[in-house]
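> Count along the sequence shown from 1, add 2, and you get the number used in this note's numbering.
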Amino acid sequence: MPSVAAEALALLQRGDSASARGLIDAGCARGDGDALAMRALWRVEGRLVLRDLPAARADLAAADTIGAARILAGFLAIGIGGTRDWAGALAMLDDWADRDPIAAQQRALIAAMAIDAKGDPLDLPMPQSLSDNPMIVALPGLLTAPECDLLATLSDRRLRPALIFHEGQKRFIADPVRDSDAAGFPIVSEWPAVHAINRRLAAASGTAVEQGETLQVLRYRPGQQYRPHLDAVPGLTNQRSLTLLIYLNDAYDGGETHFTRLPLTHRGRKGDGLLFANTLPDSRPDPMSEHAGLPVQSGIKLIASRWIRQRPPEVPDGFGQHEAMA
3 MPSVAAEALA LLQRGDSASA RGLIDAGCAR GDGDALAMRA LWRVEGRLVL RDLPAARADL
63 AAADTIGAAR ILAGFLAIGI GGTRDWAGAL AMLDDWADRD PIAAQQRALI AAMAIDAKGD
123 PLDLPMPQSL SDNPMIVALP GLLTAPECDL LATLSDRRLR PALIFHEGQK RFIADPVRDS
183 DAAGFPIVSE WPAVHAINRR LAAASGTAVE QGETLQVLRY RPGQQYRPHL DAVPGLTNQR
243 SLTLLIYLND AYDGGETHFT RLPLTHRGRK GDGLLFANTL PDSRPDPMSE HAGLPVQSGI
303 KLIASRWIRQ RPPEVPDGFG QHEAMA
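Shown next, in the form of structure tokens:
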């Protein structure tokens, strides 16, 4: 027998949103976990109901399902829809570890991290300067091999052809610059271990964790590449001032990061980071930061990417509601 959520999705696919909402509301009234989890996602997205992050957090807590618990633990870790509660997030992982292998895996990874009681790193790699203008530094051993493997595992089933959000059309379109597959970790997927990694990336870049856009994992197959481009966007009022890349695997040839206007081509080892500046002092895109991911010759390249803005967003949960819907 299909779940309430599955029935609601089928109604939505037929264009019957009123019946879908009625079905979910009825399921929530009788305490159905799948219905509560579905309504929570709608409340995050602002789909069919008003966007309401505190109410979404309450629905997730009431749902008591594995999927809802994964999202709720992330909300506690980040502070979405209420007070940030890192200790509570860890307690949730402990509570679900015997029922959810992903919770158990996260808890084991976090236990091995050198972090404080708030989830912030106690130790960071020594930066190695590769260029002064623009600033480019290597960060050897930024992530451990198991942390790289976690990001690869969590992204594997969600990898899709890379898209970009077209602000004018208000929808996702095919990325004309890169032909990789991509998977993001927006607020519903930024679970505690991922959030702890994001806090380390923020510390390594000298920024606040809130300045980072959604962490992405990119997969390049043989022949795929990221053509020469700038990460800064002309006219952006809160500019992408920094980019931080993390190399997640070693089993490929080619695929180096090439700075097209510098005599610099770099490839990190598994777990290494590469941090570089994208802007001039007046916040305009720096032409010298133009770079490319060269074509992969053999094997599969996995890399994580985080664009870092000049300052945190005006809203408390990220740079654009479309990131949650992704």
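Virtual Cβ for every residue (Gly too), placed ideally from N, Cα, C.
What's the gap between the Cα of Leu276 and the Cα of Glu212?
Indexing the sequence shown from 1 puts residue 276 at position 274. Indexing the sequence shown from 1 puts residue 212 at position 210. Distance between the alpha carbons of Leu276 and Glu212: 20 Å.
> Determine the DSSP secondary structure at Ile189, reduced to helix, strand or coil.
As a first step, residue 189 is located in the sequence shown; it is residue number 187 there, counting from the start. The answer is coil: DSSP assigns Ile189 none of H, G, I, E or B.
> With 16 other CB atoms within 10 Å as the buried threshold, where does Gly225 fall?
Here residue 225 corresponds to residue number 223 of the sequence shown, with the count starting at 1. Exposed: under 16 other Cβ atoms inside 10 Å.
> Taking the alpha-carbon positions, what's the Ala8 to Gly270 distance?
Mapped onto the sequence shown, residue 8 falls at position 6. Mapped onto the sequence shown, residue 270 falls at position 268. Computed Cα separation, rounded: 43 Å.
> Under a Cβ-count criterion, where at least 16 other Cβ atoms within 10 Å of its own Cβ denotes burial, should Asp118 be classed as buried or exposed?
As a working note, residue 118 is residue 116 in the sequence shown. Exposed, since its Cβ has fewer than 16 Cβ neighbours within 10 Å.
> Tell me which residues share the same chain as Asp66 and place their Cβ nearer than 6 Å to its Cβ, disregarding the 5 neighbours each side in the sequence.
Residue numbering aside, residue 66 sits at position 64 when the sequence shown is read from its first letter. Listed in chain order, the non-local C-beta contacts of Asp66 below 6 Å within the same chain comprise Gly35, local neighbours out to five positions each way being set aside.
> Is it a yes or a no for the region 22-41 touching the region 52-66, going by three-plus beta-carbon pairs under 8 Å?
yes
> DSSP beta-bridge partners for Pro287?
Residue 287 sits at position 285 when you count from the first residue of the sequence shown. Answer by DSSP bridge pairing, in chain order: Thr281.
> Within 10 Å of its beta-carbon, does Thr259 have 16 or more other beta-carbons around it, so buried, or fewer, so exposed?
Here residue 259 is taken as the residue at index 257 of the sequence shown, counted from 1. The residue is buried, with at least 16 neighbouring Cβ atoms inside 10 Å.
> Could you pull out every residue in the same chain whose Cβ sits closer than 7 Å to the Cβ of Gly69, ignoring the five residues on either side in sequence?
Your numbering for residue 69 matches position 67 in the sequence shown. Answer for Gly69: Ala39, listed in chain order.
> Determine the direct distance from the alpha carbon of Gln107 to that of Leu78, and round the result to whole angstroms.
On the sequence shown, position 76 is the one that residue 78 refers to. On the sequence shown, position 105 is the one that residue 107 refers to. In a straight line, the C-alpha of Leu78 is about 18 Å away from that of Gln107.
> Are the Cβ atoms of Gln130 and Ala140 separated by less than 8 Å?
As a working note, residue 130 is residue 128 in the sequence shown. As a working note, residue 140 is residue 138 in the sequence shown. A contact, by the Cβ cut-off of 8 Å.
> Thinking C-alpha only, which one of Arg45, Leu111, Leu238 and Arg162 is nearest Arg313?
Within the sequence shown, numbered from 1, the residue matching residue 313 stands at position 311. Measuring from the Cα of Arg313, the nearest candidate turns out to be Leu238.
> Could you tell me if Arg308 is buried or exposed, where buried requires 16 or more neighbouring beta carbons within 10 angstroms of its beta carbon?
Within the sequence shown, the letter at position 306 stands for residue 308. Under this definition Arg308 is a buried residue.
> So, with DSSP's three-state summary, where would you put Ala328?
If you number the sequence shown from 1, residue 328 lands on position 326. Per-residue confidence for Ala328 stands at a pLDDT of 35, beneath the threshold of 50, marking its modelled position as unreliable; no derived number is given.
> Kindly indicate which three-state DSSP category Ser19 falls into: helix, strand or coil?
Within the sequence shown, numbered from 1, the residue matching residue 19 stands at position 17. It is helical.
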